[in-house]
Amino acid sequence: MLPKFRKEAQEELIEERLKLQEAKRVGIEISDEEVKRVMKGIAERNKMTEEQFTQQIKGNSGVDVATMRERMKAQFAWREVVRRRGQMLISINERDVERMLSSSANEAGRGHGRAAGAKDHAVDARADGSDRHGQALCRSRCPAA
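So this is what it looks like as C-alpha cells:
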C-alpha cells in the first residue's frame, strides 16, 4: 500500500473510532442487528441476496464485509449524535425565544404603552424568524419608551 493511502486509511479508522467513542459516551449504540437489517435492505433494493451483496462488496472494492459493517455502524452512530445535538440547539433556541418574548411582554406591561403591540410583535418574531430573540423587531416597530 502506498504511504499516502496508508495514511488516509489510518486517519479514517481513527475518525471512525472517535465517532464511535463519542456516540457511546452520549449513550448511543448501534446494534449489529440494525446494521444487518440495513445491509439486507440494500441487497433487496439491488435485487440480490445478502450473500450476493457481500460477495459483490468484497469483489468490487476489496473491502471486508466486517469492515463495512463497522463503518456503517460508525456512520449511523455519528448521524444520531449530530441529530441529537441539533435537537438540543433547536430546543435551546426556542427557550431563548420564549424567554425573550416573555421578557418583552413583561416590559411592555410596565407602563410603556406597548402591551398589545408587544404581543403582535411576538407573533411576527416567531413567524419571521429573522430575529431569534424578538428584540430587533420590537425596537424597529414599537414606539420608543
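In my numbering, the protein residues as written are 96 to 240. Each residue gets a CB set at the ideal place from its N, CA and C atoms; glycine is no exception.
Membership of Asn155 in the alpha helix (DSSP H) is indicated by the continuous run 145-156. A direct Cα-to-Cα measurement between Arg166 and Arg120 gives close to 18 Å. Around the Cβ of Ser156, a 10 Å sphere holds fewer than 16 other Cβ atoms; the residue is exposed. Note on Val177: under 16 other CB atoms within 10 angstroms of its CB, so exposed under the neighbour-count rule.
Within its own chain, the residues whose Cβ lies closer than 7 Å to the Cβ of Trp173, once the five positions on either side in sequence are excluded, are Lys114, Ala118, listed in chain order. Distance between Met134 and Glu193, taken at the CA atoms: about 43 Å. Non-local C-beta neighbours of Met183 in its own chain, meaning closer than 7 Å and more than five positions away in sequence, are absent. Glu145 and Ala138 have their alpha carbons spaced roughly 6 Å apart. Rounded to the nearest whole angstrom, the CA to CA distance from Arg205 to Arg190 is 23 Å. Cβ contact annotation for Gly181 (same chain, cutoff 7 Å, sequence separation greater than five): none. At a Cβ-Cβ threshold of 7 Å, Val130 and Arg164 count as neighbours.
Around the beta carbon of Ile125, 16 or more other beta carbons sit within 10 angstroms, so the residue counts as buried.
Note on geometry: alpha-carbon atoms of Met143 and Asn188 lie some 46 Å from one another. Take the alpha-carbon of Glu103 and the one of Glu110: they are about 10 Å apart.
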